[in-house]
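Chains as they are written, first to last, in the numbering used here: chain E, 139 to 508; chain P, 535 to 645.
Backbone N, C-alpha and C fix where the C-beta goes; we use that ideal spot for every residue, glycine too.
Take a look at the structure set out below.
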């Protein structure tokens, strides 16, 4: 039996719900190693450890599994402490220069919806900024001792990491579009998000994405992900927690919002899967509200949600020719060093060919309509 | 033993004075999780786990208690032989000191 088989996933989901999950029911088909690999694949080691402790279950689970879950949970907490230390530094540096920034995705969720923030697995911390602040954020964080990892414009986000040796594995993704995927990048902008964002007690300068917006982002992110399994349990668990905490009025509001932003499909799919695994309560009225709209056939809509349409939007949104030139440079004429690294080549003789390839693939990618 | 300013007591013997207090490194971040504590040393970026008893010691040191008060408090809270407790506290303090997480305070204790 595969460690990602429905049986194992159901088993983990039951344990997360606090329902009985007898290890014997997985035997003899699932080994301890397969089970742990499955937990890691779904990013649930931390939440599973806490769920077992909370519900007082799992006593007959193998010690080998419980010990590893506990140890990994401890590592997450240590990582959380280090990340939190840098988050305070970054947020204070931005705040001192009056730069608005919003905490979103995993970090925001961990702080607002998880009893033990360290239990929510995350590889990086996501911040959302206004696109007109890209330059100021870059210079502020460079001054504060951080390194900016390119690209900045091409991917609608840039990565920030401590410049000195310390802070290994600490990554901040600074986004200037709500999501990178062309389908969702323009769903709502920074000003929309900031208007509804809430303040954080622990971070004076930062705001946190509202629960409604974070729910939409969780659904869009899951749907638009091409790097991970779309059905990662931790993402569905996020959706479950976010939606459940909204209350009836909030749920109605977020479904209406999803409808108005043409996000019904990804929200409905996420909710239905979360409901199946975590028993998220979703009324038929709300599901009706999230019924998929007819596939938009309007060329203008399709164009605006394509890579080329987004490029056009970025072009007009960015201020000044400097930023626009950098955008085109990153898309079509990246540095020779980064091109060689990207294609795994050594020697500058490869560069003419790689530039031709880069420009042609860049144009082809932008022209692709989804 | 009262520690004078600039005079650090060695931590390689059991001769801690009852009025000894310890300073926690300002490079240490801590978080309690289900009775245990994870310590992160920002200087080395190493982390340490404290079990529930060690967590309690850490809390009492953090509160600025003297070694004698730490000992008496734990003796009242846990079912343990005094000799065993003394050994455990001693080895914990040595470990914490070696890891750079605490150091004997140079601050004189008011008696």
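Query	Result
Under 8 Å between C-beta atoms, does residue 215(E) make it to chain P?	yes
Shortest alpha-carbon distance to residue 146(E) belongs to which of 464(E), 406(E) and 164(E)?	164(E)
Indicate whether residue 377(E) and residue 259(E) have their beta-carbon atoms separated by less than 8 Å.	no
Kindly list the residues whose CB is nearer than 7 Å to the CB of residue 383(E), restricted to its own chain and excluding five residues on each side of it in sequence; keep chain order.	251 and 349
Taking Cβ positions only, does residue 554(P) come closer than 8 Å to chain E?	no
What would DSSP say about residue 493(E), mapped onto helix, strand or coil?	helix
Going by C-alpha distance, which of 290(E), 359(E) and 386(E) is nearest residue 275(E)?	290(E)
As an exercise, report each continuous alpha helix (DSSP H) stretch of at least 4 residues that is fully enclosed by the stretch 445-480 of chain E, in chain order.	445-455, 458-470 and 474-480
Between residue 323(E) and residue 294(E), how many whole angstroms is the CB-CB distance? I'm expecting something under 8 Å.	6 Å
Please list the partners that residue 219(E) has in chain P, where partner means a Cβ-to-Cβ separation under 9 Å.	563, 564, 565, 572, 573, 574, 576 and 581
Return the first residue and the last residue of the alpha helix (DSSP H) that residue 416(E) is part of.	402-416
Using three-state DSSP, classify residue 212(E) as helix, strand or coil.	helix
Please identify the residue among 267(E), 476(E), 204(E) and 217(E) whose C-alpha is closest to the C-alpha of residue 332(E).	267(E)
Per DSSP, residue 285(E) forms a beta bridge with which residues?	299(E)
Please state whether DSSP places residue 307(E) in a helix, a strand or coil.	coil
State the DSSP-derived secondary structure class of residue 440(E), mapped to helix, strand or coil.	helix
Please state if the CB of residue 298(E) and the CB of residue 279(E) are separated by a distance shorter than 8 Å.	yes
Taking just the CA atoms, how far does residue 559(P) sit from residue 624(P)?	18 Å
List the DSSP bridge partners of residue 583(P).	572(P)
Hey, could you find the ends of the alpha helix (DSSP H) residue 250(E) is sitting in?	243-251
Could you pull the start and end residues of the alpha helix (DSSP H) that residue 607(P) belongs to?	601-611
With C-beta atoms as the reference, is residue 191(E) less than 8 Å away from residue 153(E)?	no
How big is the Cα-Cα spacing for residue 594(P) and residue 632(P)?	19 Å
Cβ closer than 7 Å: which chain P residues qualify as neighbours of residue 254(E)?	567
Looking at C-alpha atoms only, which residue of 247(E), 184(E), 286(E) and 459(E) is the closest neighbour of residue 211(E)?	184(E)
When DSSP labels each residue in this structure, what does residue 203(E) get in the three-state scheme?	helix
Does any C-beta atom of chain P lie closer than 8 Å to the C-beta of residue 212(E)?	yes
Is residue 420(E) helix, strand or coil when you go by DSSP?	coil
For a test of the three-state rule: what should DSSP assign to residue 183(E), helix, strand or coil?	helix
So which residues of chain P does residue 223(E) contact, with C-beta pairs closer than 7 Å?	563 and 576
In this structure, does DSSP put residue 143(E) in helix, strand or coil?	coil
Starting from residue 353(E) and walking both ways along the alpha helix (DSSP H), at which residues does that stretch end?	349-362
Give me the subset of the stretch 182-210 of chain E whose CB atoms are less than 8 Å from a CB atom of chain P, sorted by chain position.	188 and 191
Taking Cβ positions, are residue 255(E) and residue 246(E) nearer each other than 8 Å?	no
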